[in-house]
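Asker:
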Amino acid sequence: MIRPILTYPDPVLKQQSEPVTAFDSALQEVIQDMVETMYAAPGIGLAAPQIGILKRIVVVDLKSGAEGAQLFVAVNPEIVSCTGEQYGEEGCLSVPDVYESVWCPQKIVLRAQDVKGTEWTLEAEDLLARCFCHELDHLRGVLFIDRLSPLKRSLVKRRLKKAQAARQES
Ligand code: NI
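Reminder that position 39 of the sequence shown reads as 1131 in the numbering used here, one-by-one numbering, no gaps.
(1) Which residues in the same chain as P1111 place their Cβ atom closer than 6 angstroms to its Cβ, once the five residues preceding and following it in sequence are excluded?
(2) Which runs of the beta strand (DSSP E), 3 residues or longer, sit entirely within the stretch 1095-1157?
(3) So what does DSSP say about A1161, is it helix, strand or coil?
(4) At the level of alpha carbons, what is the spacing between M1130 and L1243?
(5) Between V1172, E1215, C1223 and R1259, which has its C-alpha nearest E1181's C-alpha?
(6) Which runs of the beta strand (DSSP E) fall wholly inside the stretch 1181-1232 and span at least 3 residues, in chain order?
(7) Is S1246 helix, strand or coil by DSSP?
(8) Comparing alpha-carbon positions, which option in T1213, R1245 and C1196 lies nearest D1229?
(9) Return the CA-CA distance between V1062 and I1145, expressed in angstroms with no decimal places.
(10) Give me whichever residues DSSP pairs with V1167 in a beta bridge.
(11) Compare the beta carbon distance of I1097 and I1143 with 8 angstroms and say whether it is the shorter of the two.
(12) Looking only at C-alpha atoms, which of S1186, R1095 and S1117 sits nearest to K1256?
(13) DSSP beta-bridge partners for S1173?
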């Protein structure tokens, strides 16, 4: 089921997510909904709080379901190590129409569990590392616009408030 995606400034997006403890059919259903919602958007990553579920779950697929896609389902993900830095543009399904460049690690080692609770680890670099870092930030209530310089951030937030006011008037 495709679920509505919460957008800034929804307060849920600022909250901390809880670890997943039950690897049951309810978890399977949430993950399936997350994948469908990500593909429908379309997006290359989605974190559970973006659909209003404060659990440590993210899904990532750089091809968003297109040919050659590789879907990662990361339950209780943790970044074990980071190397280097990269600077590049990010966007977010919860922050529509905003694309800004931010710094993040060049390479990460990620440890997570799958839908059944089996642990897996991954070495990710470039866009894949950026995507996981972005999604994991959602789990601690951080949006990519929070990582902009204070000046840039206030400009972007003002622009978002104006766009929201325009939507409410129409
Ligand atoms: Ni995002």
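All C-beta atoms, glycine included, are put in the ideal place defined by N, C-alpha and C.
Nothing here was measured: the structure is a model prediction, and the numbers come from that model.
Answerer: Put simply:
(1) R1148 and N1168
(2) If we require 3 residues or more, the beta strand (DSSP E) runs fully inside the stretch 1095-1157 come out as 1137-1139 and 1149-1152.
(3) coil
(4) 31 angstroms
(5) C1223
(6) 1187-1196, 1199-1205 and 1211-1217
(7) Reduced to three states, the DSSP call for S1246 is helix.
(8) C1196
(9) Nothing can be reported for residue 1062, as the shown portion of the chain is limited to 1093 through 1262.
(10) I1149 and Q1205
(11) yes
(12) It should be noted that the sequence gives Gln, not Lys, for residue 1256. Closest by alpha carbon: S1186.
(13) V1201
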